[in-house]
Each structure stands twice: as structure tokens, then as C-alpha cells.
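Student: Here the sequence shown stands for residues 0 to 57, numbered as in numbering that gives the first Met the number 0.
Ideal placement from N, C-alpha and C gives every residue a C-beta, glycine not left out.
A quick note: this is a predicted structure, and the numbers were derived from the prediction, not measured.
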Amino acid sequence: MELPKDPMILFSFINMKLRDCYSSLDELCDDMNVNKEMIVRKLQSAGFEYSVEHNKFW
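1) Going by C-alpha to C-alpha distance, which of N14, R40, D30 and E1 sits closest to H53?
2) Taking a contact to mean a Cβ-Cβ separation below 8 angstroms, would you say K16 touches L27 in this structure?
3) Going by CA-CA distance only, name the one from F12, N34 and E36 that's closest to K55.
4) Hey, A45 and M7: beta-carbon distance below 8 angstroms or not?
Written out as C-alpha cells, the structure is:
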């Protein structure tokens, strides 16, 4: 699946998927066949960090 290129849209998209469909970022990445490190890096560059405890980026 092609993920949004814009970091703010990616942030919203990933958090929506985590909230509605997946119990972890690992599960989302495995199911959607996307690279976890790429998502984390891109969202970190926009100032977001993943919280395992809350299962979301913020």
C-alpha cells in the first residue's frame, strides 16, 4: 500500500489505523506490508514520537 507522503497526513492516517484497526505499530506494519523504520523516521522528522503505551504517535 502507498502511504501518504505528507507527514501531517501520514500522522493522521497512521493514528486512525492504530485507533480503529491495530493494537500495535508492528501489527499495522506487518499487515499493511510497510516499513516501520521509515514511518517512525518520517514522523520523527515532523516532531512526532510513537507511544507504545498509548498506541499512537504524538
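Tutor: From the atom records:
1) N14
2) yes
3) F12
4) Taking 8 angstroms as the Cβ cut-off, A45 and M7 qualify as a contacting pair.
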